[in-house]
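Student: Take this structure first; my questions come after.
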Amino acid sequence: MLLTTTPSLEGKQITEYLGVVFGEVVSGVDFVKDFAAGLSNFFGGRSGTYEEELIRAREQAMQEMQQRAHQMGADAVVGIDIDYEVLGTNNGMLMVTACGTAVRYR
C-alpha cells in the first residue's frame, strides 16, 4: 500500500476517495525511561529512551491507519498528517495520531 503526505500520487490517477482513516496510539512512559531521560536532560544530549518510544508510537499509528485503509479496500493513503501530544497529570503519556485519506487508484 502506498502511503504519502502528498495529496496526489505521481503517475497514478485516483479513481475513488474512500474516506478519512486514522491510527492512534497512546503510550505511557514508565519511571525508568523517565529517569534516564532526566539524566540526559541534566547532563545534556539526546534522550534515546524517549526517541525510541516516539518512533515506536509513530510506527504503530501508521500501521493502524494502514490496516484500517486496507479494510476499506484502499490502494493508498494520501495527505497523511502525523500529530503528537503529551497527556496525563505529569505529561507521562504520549499520543501519536496519523490520519490521511484512503483512496483507490489506477
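Numbering (the working numbering), first residue to last: 10 to 115. The beta carbon of each residue, even a glycine, is placed where N, CA and C say it ideally should be.
Can you give the Cα-Cα distance for Met102 and Glu62, rounded to whole angstroms?
Tutor: Your numbering for residue 102 matches position 93 in the sequence shown. Your numbering for residue 62 matches position 53 in the sequence shown. So the alpha carbons of these two residues sit roughly 11 angstroms apart.
Student: Taking buried to mean at least 16 other C-beta atoms within 10 Å of its own C-beta, is Ala107 buried or exposed?
Tutor: Within the sequence shown, numbered from 1, the residue matching residue 107 stands at position 98. Burial call: buried.
Student: Please report how far the alpha carbon of Tyr59 lies from the alpha carbon of Thr110, in whole angstroms.
Tutor: For this step, residue 59 is matched to residue 50 along the sequence shown. For this step, residue 110 is matched to residue 101 along the sequence shown. Approximately 29 angstroms between the Cα atoms of the pair.
Student: With DSSP collapsed to three states, give me the class of Phe40.
Tutor: Mapped onto the sequence shown, residue 40 falls at position 31. Here the model assigns Phe40 a pLDDT of 43, short of 50, so the residue's position is not dependable and the matter cannot be decided.
Student: CA-CA distance, Tyr26 and Arg113?
Tutor: Mapped onto the sequence shown, residue 26 falls at position 17. Mapped onto the sequence shown, residue 113 falls at position 104. Between Tyr26 and Arg113, the C-alpha separation is close to 7 angstroms.
Student: Can you give the Cα-Cα distance for His79 and Glu33, rounded to whole angstroms?
Tutor: Residue 79 sits at position 70 when you count from the first residue of the sequence shown. Residue 33 sits at position 24 when you count from the first residue of the sequence shown. Taking the straight line joining both Cα atoms gives about 16 angstroms.
Student: From Gln69 to Leu12, what distance separates their C-alpha atoms?
Tutor: Taking the sequence shown and counting its residues from 1, one reaches residue 69 at position 60. Taking the sequence shown and counting its residues from 1, one reaches residue 12 at position 3. About 14 angstroms.
Student: Just to confirm, are Val95 and Pro16 a CB contact at a threshold of 8 angstroms?
Tutor: In the sequence shown, residue 95 corresponds to position 86, counting from 1. In the sequence shown, residue 16 corresponds to position 7, counting from 1. Contact flag unset, no.
Student: On the CB-based measure, 16 or more other CB atoms within 10 Å of its CB, does Gln76 come out buried or exposed?
Tutor: Translated into the one-based positions of the sequence shown, residue 76 becomes position 67. Exposed, by the Cβ-count rule.
Student: Which residue wins for smallest C-alpha separation from Met10, given the options Val29, Met74 and Asp92?
Tutor: Residue 10 sits at position 1 when you count from the first residue of the sequence shown. It is Met74 whose Cα lies nearest to the Cα of Met10.
Student: Quick one: what's Ala107 bridged to in DSSP?
Tutor: Here residue 107 corresponds to residue number 98 of the sequence shown, with the count starting at 1. DSSP output for Ala107 lists Gly32 and Ile91 as bridge partner(s).
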